[in-house]
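Visitor:
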Amino acid sequence: MEDMYRRSVMALGLTAAAATPLFALTTPALAAAPTYGPNDGQDIGHGRRMVEVGTRESQITAYKSIKIIDIVYQPGAADPADDPVMETDMVCHIIAGEFTIQKPGIPSYTVKDGDIYTCGIGKKDQATNISNVVGIHRIALLMPA
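If you read the sequence shown in this note's numbering, its first letter stands for residue 71, the second for the next number, and so on.
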(Lines of atoms letter the chains of each structure in order from A and count residues from 1; the text may use other names and numbers.)
(Lines give C-alpha, C1' and ligand atoms only; values in the text may rest on other atoms or scores of the structure.)
Protein backbone atom coordinates (compact mmCIF):
# COMPACT_ATOMS: atom_id res chain seq x y z
CA MET A 1 0.00 0.00 0.00
CA GLU A 2 2.86 2.36 0.83
CA ASP A 3 4.40 1.72 -2.64
CA MET A 4 1.14 2.70 -4.29
CA TYR A 5 1.01 5.94 -2.33
CA ARG A 6 4.58 6.86 -3.32
CA ARG A 7 3.88 6.06 -6.98
CA SER A 8 0.76 8.25 -6.97
CA VAL A 9 2.65 11.12 -5.40
CA MET A 10 5.48 10.68 -7.89
CA ALA A 11 3.07 10.62 -10.85
CA LEU A 12 1.25 13.73 -9.64
CA GLY A 13 4.54 15.52 -9.05
CA LEU A 14 5.81 14.72 -12.53
CA THR A 15 2.50 15.76 -14.09
CA ALA A 16 2.55 19.08 -12.23
CA ALA A 17 6.17 19.69 -13.22
CA ALA A 18 5.40 18.97 -16.87
CA ALA A 19 2.32 21.24 -16.89
CA THR A 20 3.99 24.22 -15.21
CA PRO A 21 5.70 25.51 -18.39
CA LEU A 22 2.39 25.26 -20.27
CA PHE A 23 0.64 27.52 -17.77
CA ALA A 24 3.55 29.94 -17.83
CA LEU A 25 3.29 30.17 -21.61
CA THR A 26 -0.43 30.88 -21.55
CA THR A 27 -0.23 33.69 -18.98
CA PRO A 28 -0.86 36.94 -20.86
CA ALA A 29 2.04 39.34 -20.73
CA LEU A 30 1.36 43.04 -20.62
CA ALA A 31 3.46 44.81 -23.19
CA ALA A 32 5.31 47.85 -22.00
CA ALA A 33 4.11 51.16 -23.41
CA PRO A 34 6.37 52.42 -26.19
CA THR A 35 8.78 55.20 -25.39
CA TYR A 36 8.56 58.04 -27.86
CA GLY A 37 11.11 60.80 -28.23
CA PRO A 38 10.15 64.48 -28.38
CA ASN A 39 10.31 64.50 -32.19
CA ASP A 40 8.66 61.14 -32.93
CA GLY A 41 5.49 61.37 -34.99
CA GLN A 42 3.68 64.50 -36.08
CA ASP A 43 3.09 67.51 -33.82
CA ILE A 44 -0.67 68.10 -33.60
CA GLY A 45 -0.46 70.96 -31.11
CA HIS A 46 -1.45 71.51 -27.50
CA GLY A 47 1.33 69.23 -26.16
CA ARG A 48 0.25 66.28 -28.33
CA ARG A 49 1.95 64.22 -31.04
CA MET A 50 0.46 61.59 -33.35
CA VAL A 51 2.48 58.46 -34.17
CA GLU A 52 1.18 56.12 -36.89
CA VAL A 53 1.55 52.51 -35.76
CA GLY A 54 0.06 50.63 -38.73
CA THR A 55 -2.88 49.93 -41.02
CA ARG A 56 -4.53 46.64 -41.89
CA GLU A 57 -7.44 45.57 -44.09
CA SER A 58 -10.54 44.92 -41.98
CA GLN A 59 -12.41 41.63 -41.85
CA ILE A 60 -15.45 43.53 -40.50
CA THR A 61 -17.68 44.27 -43.50
CA ALA A 62 -18.68 47.75 -42.28
CA TYR A 63 -15.04 48.87 -42.32
CA LYS A 64 -12.51 48.93 -45.14
CA SER A 65 -9.45 49.06 -42.91
CA ILE A 66 -8.28 49.62 -39.38
CA LYS A 67 -5.59 52.18 -38.73
CA ILE A 68 -3.75 52.22 -35.40
CA ILE A 69 -2.29 55.47 -34.11
CA ASP A 70 -0.83 56.61 -30.81
CA ILE A 71 -1.62 60.08 -29.51
CA VAL A 72 1.13 61.08 -27.08
CA TYR A 73 0.07 63.67 -24.47
CA GLN A 74 2.48 65.58 -22.29
CA PRO A 75 1.42 65.88 -18.63
CA GLY A 76 -1.48 68.34 -18.47
CA ALA A 77 -2.01 68.34 -22.25
CA ALA A 78 -5.57 68.28 -23.54
CA ASP A 79 -7.50 68.06 -26.77
CA PRO A 80 -8.71 71.54 -27.68
CA ALA A 81 -12.41 72.19 -27.08
CA ASP A 82 -12.80 73.19 -30.74
CA ASP A 83 -11.52 69.86 -32.12
CA PRO A 84 -13.81 68.70 -34.95
CA VAL A 85 -16.27 65.82 -34.58
CA MET A 86 -14.99 62.26 -35.05
CA GLU A 87 -14.75 61.26 -38.70
CA THR A 88 -14.68 57.53 -37.92
CA ASP A 89 -15.73 55.11 -35.21
CA MET A 90 -12.81 54.34 -32.94
CA VAL A 91 -11.70 52.32 -29.95
CA CYS A 92 -9.29 54.09 -27.60
CA HIS A 93 -6.96 52.11 -25.32
CA ILE A 94 -4.95 53.91 -22.65
CA ILE A 95 -1.46 52.44 -22.64
CA ALA A 96 0.15 55.06 -20.40
CA GLY A 97 -1.09 57.77 -18.07
CA GLU A 98 -4.48 58.74 -16.70
CA PHE A 99 -7.05 60.87 -18.51
CA THR A 100 -10.29 62.70 -17.88
CA ILE A 101 -12.71 62.22 -20.78
CA GLN A 102 -15.41 64.80 -21.41
CA LYS A 103 -18.25 64.10 -23.84
CA PRO A 104 -21.27 66.33 -24.42
CA GLY A 105 -24.36 65.19 -22.56
CA ILE A 106 -22.69 62.75 -20.14
CA PRO A 107 -20.65 63.26 -16.96
CA SER A 108 -16.88 63.29 -17.41
CA TYR A 109 -15.04 60.14 -16.37
CA THR A 110 -11.48 58.96 -15.76
CA VAL A 111 -9.62 56.29 -17.71
CA LYS A 112 -6.32 54.80 -16.61
CA ASP A 113 -3.58 52.54 -17.90
CA GLY A 114 -5.26 49.51 -19.51
CA ASP A 115 -8.75 51.04 -19.80
CA ILE A 116 -10.63 51.34 -23.09
CA TYR A 117 -13.46 53.52 -24.31
CA THR A 118 -15.16 54.22 -27.63
CA CYS A 119 -15.97 57.23 -29.76
CA GLY A 120 -18.59 57.29 -32.48
CA ILE A 121 -18.59 58.92 -35.87
CA GLY A 122 -20.03 62.44 -35.66
CA LYS A 123 -19.41 62.68 -31.89
CA LYS A 124 -17.01 64.82 -29.87
CA ASP A 125 -14.87 64.22 -26.84
CA GLN A 126 -12.00 65.91 -25.09
CA ALA A 127 -9.21 64.01 -23.34
CA THR A 128 -6.96 65.63 -20.73
CA ASN A 129 -3.83 63.94 -19.37
CA ILE A 130 -4.23 64.36 -15.60
CA SER A 131 -1.17 62.27 -14.71
CA ASN A 132 2.41 63.35 -14.10
CA VAL A 133 3.71 61.10 -16.88
CA VAL A 134 3.56 61.18 -20.65
CA GLY A 135 0.18 59.65 -21.54
CA ILE A 136 -0.56 57.55 -24.60
CA HIS A 137 -3.89 56.84 -26.25
CA ARG A 138 -3.62 53.91 -28.68
CA ILE A 139 -6.53 54.41 -31.08
CA ALA A 140 -8.00 51.93 -33.55
CA LEU A 141 -9.59 54.05 -36.27
CA LEU A 142 -12.27 51.99 -38.00
CA MET A 143 -12.18 53.31 -41.57
CA PRO A 144 -15.60 53.03 -43.31
CA ALA A 145 -16.00 50.74 -46.31
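Quick reminder that beta carbons are idealized off the backbone N, C-alpha and C, glycines included. It should be emphasised that the depicted structure is a prediction, and the values quoted were computed from it without experimental measurement.
Would you say residue 121 and residue 136 are within 9 angstroms of each other, going by their C-beta atoms?
Guide: For the purposes of this step, residue 121 is taken as the residue at position 51 of the sequence shown. For the purposes of this step, residue 136 is taken as the residue at position 66 of the sequence shown. No, the Cβ-Cβ distance between residue 121 and residue 136 is not below 9 angstroms.
Visitor: Count the other CB atoms, across all protein chains shown, that sit within 10 Å of the CB of residue 179; report buried if there are 16 or more and exposed otherwise.
Guide: Locating residue 179 in the sequence shown gives position 109, where the first residue counts as 1. By the neighbour-count rule (16 or more Cβ atoms within 10 Å), residue 179 is not buried but exposed.
Visitor: With a threshold of 8 angstroms, are at least 3 pairs of Cβ atoms found where one atom belongs to the stretch 141–155 and the other to the stretch 205–215?
Guide: yes
Visitor: For the beta strand (DSSP E) containing residue 135, name the first residue and the last one.
Guide: For this step, residue 135 is matched to residue 65 along the sequence shown. Residues 133–143.
Visitor: Can you tell me whether residue 166 is buried or exposed, with buried defined as 16 or more other CB within 10 angstroms of its CB?
Guide: By one-based count along the sequence shown, residue 166 stands at place 96. Buried: at least 16 other Cβ atoms inside 10 Å.
Visitor: Name the residue from 104, 176, 175, 214 whose alpha carbon lies nearest to the alpha carbon of residue 160.
Guide: Your numbering for residue 160 matches position 90 in the sequence shown. Comparing Cα-Cα distances from residue 160 to each of 104, 176, 175, 214, the minimum goes to 214.
Visitor: I need the DSSP call for residue 105, collapsed to helix, strand or coil.
Guide: Position 35 of the sequence shown, counted from the first residue, corresponds to residue 105. It is coil, neither helix nor strand.
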